[in-house]
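From first to last, the protein sequence lines are chains A and S. All letters in the first sequence, in the order written, are residues 1 to 136 by this note's numbering. All letters in the second sequence, in the order written, are residues 137 to 272 by this note's numbering. Note that beta-carbon positions come from the ideal geometry of N, C-alpha and C, so glycine has one too. Since the structure comes first, as structure tokens, the remarks are kept for the end.
There are 2 protein chains.
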Amino acid sequence: MSTSRRTFMAAAATLGTTIAAATTAGAATAVNTYPKLVHHVFFWLKNPASKEDLSKLLAGLRTLTAIETVRGAHFGVPASTEKRDVVDNSYSASEILFFDDLAGQKIYQDHPVHKKFVADCSHLWERVVVYDAVSA
Amino acid sequence: MSTSRRTFMAAAATLGTTIAAATTAGAATAVNTYPKLVHHVFFWLKNPASKEDLSKLLAGLRTLTAIETVRGAHFGVPASTEKRDVVDNSYSASEILFFDDLAGQKIYQDHPVHKKFVADCSHLWERVVVYDAVSA
Numbered sequence: 001m002s003t004s005r006r007t008f009m010a011a012a013a014t015l016g017t018t019i020a021a022a023t024t025a026g027a028a029t030a031v032n033t034y035p036k037l038v039h040h041v042f043f044w045l046k047n048p049a050s051k052e053d054l055s056k057l058l059a060g061l062r063t064l065t066a067i068e069t070v071r072g073a074h075f076g077v078p079a080s081t082e083k084r085d086v087v088d089n090s091y092s093a094s095e096i097l098f099f100d101d102l103a104g105q106k107i108y109q110d111h112p113v114h115k116k117f118v119a120d121c122s123h124l125w126e127r128v129v130v131y132d133a134v135s136a
Numbered sequence: 137m138s139t140s141r142r143t144f145m146a147a148a149a150t151l152g153t154t155i156a157a158a159t160t161a162g163a164a165t166a167v168n169t170y171p172k173l174v175h176h177v178f179f180w181l182k183n184p185a186s187k188e189d190l191s192k193l194l195a196g197l198r199t200l201t202a203i204e205t206v207r208g209a210h211f212g213v214p215a216s217t218e219k220r221d222v223v224d225n226s227y228s229a230s231e232i233l234f235f236d237d238l239a240g241q242k243i244y245q246d247h248p249v250h251k252k253f254v255a256d257c258s259h260l261w262e263r264v265v266v267y268d269a270v271s272a
């Protein structure tokens, strides 16, 4: 295990996640190096060719990290990985937020910062799909 | 910012991710606290009621963390967050892997450990959807 990976896992541990240490050399190591609950939202813009609309949406998304229960964030756009039948790259923007638990996600959902984001940006998108997953 | 959050962000920085420091108190802070490329896969089991099949799939997924370019992992099942029209909780299992870049994801895709996972577990699922997102 590299030093950076070890440091990262140690930090993840401070966030209360579960770390399964390697028991044998070469075995699968960390199972969950991130907080327990992940909230992944995909947005399809009404005007997918508008760089301005994408920029506004991404700026709106970045405000969400101010919510105190957000433990980590990744905001992105479709990656230019290999095109395969199973890959959906039709969306405009991706929002991943990590929470410690359901309570943290609920606080986010009802938070004024989240409501302001929806009020300011919902005219930009035509479709949203949300996946919430808990560590298993 | 709490100590744990600061520690976490410092560790994320060692992984080469971009950290945008807060410029004003209370402003949105870290934009990308995770490696650049996220690979999120959702699996729908042929037998969604089978705990044994889910267990086999999750065990298979955990082997993927042995691939050297995997920078972080979260394996999960649908969370019991509030049911809303936009939430898709129909899947059986969720796999999130983080990579530094496209090259890292490509090494994973072609890696013998990944191929063994597909060979061992693909009979379990009837549908897979993949989303690859790059930080923006």
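Please report the straight-line C-alpha distance between R127 of chain A and N225 of chain S, rounded to a whole angstrom. Looking up residue 127 of chain A in the first sequence gives position 127. Looking up residue 225 of chain S in the second sequence gives position 89. The straight-line gap from Cα to Cα measures roughly 16 Å.
Just grab the DSSP bridge partners of H114 of chain A for me. For the purposes of this step, residue 114 of chain A is identified with residue 114 of the first sequence, where counting begins at 1. Partner(s): none; H114 of chain A has no beta bridge.
To the nearest angstrom, how far is it from the Cα of L45 of chain A to the Cα of D221 of chain S? As a working mapping, residue 45 of chain A is identified with position 45 in the first sequence. As a working mapping, residue 221 of chain S is identified with position 85 in the second sequence. Roughly 18 Å between the two C-alpha positions.
Within 10 angstroms of the Cβ of S230 of chain S, are there 16 or more other Cβ atoms? Answer buried if so, exposed if not. The residue you call residue 230 of chain S lines up with position 94 of the second sequence. Buried is the call here.
Buried/exposed call for P112 of chain A, threshold 16 Cβ in 10 Å: Here the question's residue 112 of chain A lines up with position 112 in the first sequence. Exposed, by the Cβ-count rule.
Comparing the C-beta of V38 of chain A with each C-beta of chain S, is any distance below 7 Å? Within the first sequence, residue 38 of chain A is the residue found at index 38, counting from 1. Closer than 7 Å to some Cβ of chain S, the Cβ of V38 of chain A qualifies, so yes.
Whether V38 of chain A touches A133 of chain A by CB criterion (7 Å): Taking the first sequence and counting its residues from 1, one reaches residue 38 of chain A at position 38. Taking the first sequence and counting its residues from 1, one reaches residue 133 of chain A at position 133. Contact flag set, yes.
Find out if the Cβ-Cβ distance for the pair L197 of chain S, F211 of chain S is shorter than 7 Å. To locate residue 197 of chain S, count along the second sequence from 1; it is residue 61. To locate residue 211 of chain S, count along the second sequence from 1; it is residue 75. Cβ distance < 7 Å, so L197 of chain S and F211 of chain S count as in contact.
When burial is assigned at 16 or more other CB atoms within 10 Å of the CB, is H40 of chain A buried or exposed? Reading the first sequence from its first residue, position 40 is the one you call residue 40 of chain A. Classification of H40 of chain A: buried, given that the 10 Å Cβ count is 16 or more.
Range covered by the alpha helix (DSSP H) that runs through S191 of chain S: Within the second sequence, numbered from 1, the residue matching residue 191 of chain S stands at position 55. Start and end: K187 to R198.
Does any residue of chain S have a CB that is nearer than 7 Å to the CB of D120 of chain A? Translated into positions along the first sequence, residue 120 of chain A becomes position 120. No - not a single Cβ of chain S is within 7 Å of the one on D120 of chain A.
Can you tell which of S:A202, S:V266, S:Y267 and S:S258 has the C-alpha that lies nearest to the C-alpha of N183 of chain S? By 1-based counting over the second sequence, the position of residue 183 of chain S is 47. Among S:A202, S:V266, S:Y267 and S:S258, the Cα nearest to that of N183 of chain S belongs to S:S258.
Less than 7 Å between CB atoms is the rule here; does E265 of chain S satisfy it with respect to chain A? The residue you call residue 265 of chain S lines up with position 129 of the second sequence. First, the residue type needs correcting, since residue 265 of chain S is Val and not Glu in the sequence shown. Taking Cβ atoms only, chain A reaches closer than 7 Å to V265 of chain S, which makes this a yes.
If you compare alpha carbons, which of A:T63, A:L102, A:E68 and A:E52 is closest to F117 of chain A? Here residue 117 of chain A corresponds to residue number 117 of the first sequence, with the count starting at 1. When each option's Cα is compared against that of F117 of chain A, the closest is A:T63.
Boundaries of the beta strand (DSSP E) in which I96 of chain A is found, first to last residue: As a working mapping, residue 96 of chain A is identified with position 96 in the first sequence. From DSSP, the beta strand (DSSP E) with I96 of chain A extends over A93 to F99.
Separation of P171 of chain S from T205 of chain S, as counted between CA atoms: Counting from one through the second sequence, the residue named residue 205 of chain S turns up at place 69. Counting from one through the second sequence, the residue named residue 171 of chain S turns up at place 35. The straight-line gap from Cα to Cα measures roughly 11 Å.
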